[in-house]
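J.: Note that the UniProt record's numbering gives residue 219 to position 219 of the sequence shown, counting from 1, and the numbers run on in steps of one.
A virtual CB, placed ideally from N, CA and C, is assigned to each residue, including glycine.
Fair warning: this is a prediction, and the values are worked out from it, not measured in the lab.
Have a look at this one.
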Amino acid sequence: MQLVLSISFYRFGCMLASTAPVLGEFSLLTLCFTPLYCAALELKKIPYEREDVDLRNLPADFVRLNPRKQVPVVVIDGKTFSQSLAILEHLEERWSDKPLLPSDPVQRTQAREIANAIISGIQPLQNGGGPLPKLLEENLTGMTALEWNKFWVNHGFTALEQNLGSTAGKYCVGDEVSFADLCLVPQYINARDRFKMDVSKYPTIQKIAEHCLSTEPFKSVCKV
C-alpha cells in the first residue's frame, strides 16, 4: 500500500511544503541544523512538508513527540527517532539508492567520523537552545555566550581543518557529498553568519563549505 510521506520541519521563521505518494509516513522536527536534513532529503529525492515552531514556547504536540524537548525528532510510521546521525543513518538505510556515504569502507568511516565530530563535538557546545547560555548568564564561566560559542567552534574547526588535510577532495571526503558535508555546512554558516567568525582561518573548511553553498541542494535550502 502506498501512503503519503509527510516530513515536517519545525524551526523559527520559515515555511515550505510539498507532498508526493511514497512508502511510509515521516514527520521531522528540527531547528538550527534544518539545512542538514533538507539537503539530505533533496539529495535522496524524498518529498517533504515543513512547518514552524517556536522552541521558546513549545506547543503541546511537540512535547508529546519528544518529552525531552530537544530537536531533532523524526516520526516514521508512527515511531519516533531522535539524534542527528541516527536519523541520517536511517535515511541512508531506507533510501539507499542515492547514497550519502562512500562505497569505500575507509572513506565511509572517515565521513562518519567527521560528521560525529561536528554533531557531537561542536554543535552541542554552541547550542543556543541548551542549558549553557543560562549558565553563562549566571557568570559561572566568566565568558559571554558569544565568547563561549566562538571558543568551541574555533576549537573544533582547528582540529577539523587538520583532519580534512588527509581526506578532502571537492568535499570533506573525496569528491562526493557525504554525511560529513551535510553536518559541516550548517555549522560553517553558524560560524560565518551567526558568530561573525573569520572563517578564512580554516581554508579547507571554507573551500568545501563555499563549494557546497554554490551548488544544489545546499544553495537553495540554506537560503531558507
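Can you tell me which of Arg-194, Glu-92 and Leu-41 puts its alpha carbon nearest to the alpha carbon of Ala-145?
T.: Position 145 of the sequence shown, counted from the first residue, corresponds to residue 145. Nearest C-alpha to Ala-145: Arg-194.
J.: For Pro-217, which residues of its own chain have a beta-carbon under 8 Å away from its beta-carbon, when the five flanking residues on both sides are left out?
T.: Numbered from its first residue, the sequence shown carries residue 217 at position 217. Cys-38, Ala-39, Glu-42 and Leu-43, listed in sequence order.
J.: On the CB-based measure, 16 or more other CB atoms within 10 Å of its CB, does Ala-111 come out buried or exposed?
T.: Counting from one through the sequence shown, the residue named residue 111 turns up at place 111. Label assigned to Ala-111: buried.
J.: In terms of residues, what are the limits of the alpha helix (DSSP H) holding Phe-195?
T.: Mapped onto the sequence shown, residue 195 falls at position 195. Counting along the chain, Phe-195 falls outside any alpha helix (DSSP H), and DSSP gives it neither H nor E.
J.: For Gly-174, does the three-state DSSP call read helix, strand or coil?
T.: Position 174 of the sequence shown holds residue 174. Strand at Gly-174.
J.: Check each candidate in Arg-192, Gln-206, Gln-162 and Lys-196 and name the one with the smallest Cα separation from Asp-181.
T.: In the sequence shown, residue 181 corresponds to position 181, counting from 1. Comparing Cα-Cα distances from Asp-181 to each of Arg-192, Gln-206, Gln-162 and Lys-196, the minimum goes to Gln-206.
J.: For Val-71, which of helix, strand or coil comes out of DSSP?
T.: Counted from its first residue, the sequence shown places residue 71 at position 71. Here Val-71 sits in coil by DSSP.
J.: My output table needs one value for Thr-215: the three-state DSSP class, helix, strand or coil.
T.: Taking the sequence shown and counting its residues from 1, one reaches residue 215 at position 215. It is coil, neither helix nor strand.
J.: May I have the straight-line CA-CA distance separating Ile-208 from Val-63, to the nearest angstrom?
T.: Position 208 of the sequence shown, counting from 1, holds the residue named residue 208. Position 63 of the sequence shown, counting from 1, holds the residue named residue 63. Using only the alpha carbons, I get a separation of about 37 Å.
J.: Roughly how many whole angstroms lie between the Cα atoms of Ile-87 and His-155?
T.: Reading the sequence shown from its first residue, position 87 is the one you call residue 87. Reading the sequence shown from its first residue, position 155 is the one you call residue 155. If I take the Cα positions, the gap works out to 26 Å.
J.: Between Cys-183, Leu-85 and His-90, which lies nearest to Lys-79 when the distance is taken from Cα to Cα?
T.: As a position in the sequence shown, residue 79 is number 79, starting the count at 1. Ranking the options by Cα distance to Lys-79, first place goes to His-90.
J.: Work out the CA separation of Ala-191 and Lys-150 for me, nearest whole Å.
T.: What you label residue 150 is simply residue 150 of the sequence shown in a count that begins at 1. What you label residue 191 is simply residue 191 of the sequence shown in a count that begins at 1. If you take the alpha carbons of Lys-150 and Ala-191, they lie about 8 Å apart.
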